[in-house]
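Here is the structure we will look at.
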């Protein structure tokens, strides 16, 4: 079991939900790199404060997390654009964030998929069986890697900004 610590996220924050063209998303990021062409990456989409979703039958989990994905953003973003725009109609003035990283580990080319599955499994455990809003199923193989303290919780829990 590998110890995973990811502290080099590419982040674009406070993006209006109605703005889902990747060329314009880069405006909302302070970093000069562009993860759009990255292969084998992990990415999450979260609502920006003050918005979050109440998950679970008992409503005990409040989270801004709406999607966890892996692979190439370039090949999937056109689908994300559609539902982000629709979400913008439901939440006028709402904003979102995109976090992207490229986790690497020797002898595990699919680490990014493992982490995606681990996040989704942990999310389902906390919400008693519910996935983030736009995830349909857990893909990949949850391997239960050991993560830095609070890593998955930071992605899942409500943002207090």
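Numbering (the working numbering), first residue to last: 324 to 484.
In this text, a Cβ means the ideal position worked out from N, Cα and C, and glycines have one as well.
Per-residue DSSP class, three states only, for residue i
i	result
residue 394	strand
residue 339	strand
residue 378	strand
residue 469	strand
residue 362	coil
residue 434	helix
Environment of residue i [buried if 16+ CB atoms lie within 10 Å]
i	result
residue 473	exposed
residue 355	exposed
residue 436	buried
residue 373	exposed
residue 416	exposed
residue 471	exposed
Beta-carbon contacts of residue i that lie in its chain and below 7 Å, excluding the five residues immediately before and after
i	result
residue 378	384, 386, 450, 453
residue 358	333, 364, 396, 423
Contact set for residue i: own chain, Cβ-Cβ below 6 Å, skip 5 residues either direction
i	result
residue 363	435
Cβ separation of residue i and residue j, assumed to be a contact under 8 Å, to the nearest whole Å
i	j	result
residue 371	residue 337	5 Å
residue 389	residue 457	5 Å
Contact set for residue i: own chain, Cβ-Cβ below 8 Å, skip 5 residues either direction
i	result
residue 340	407, 408, 410, 411, 414, 417, 418, 419
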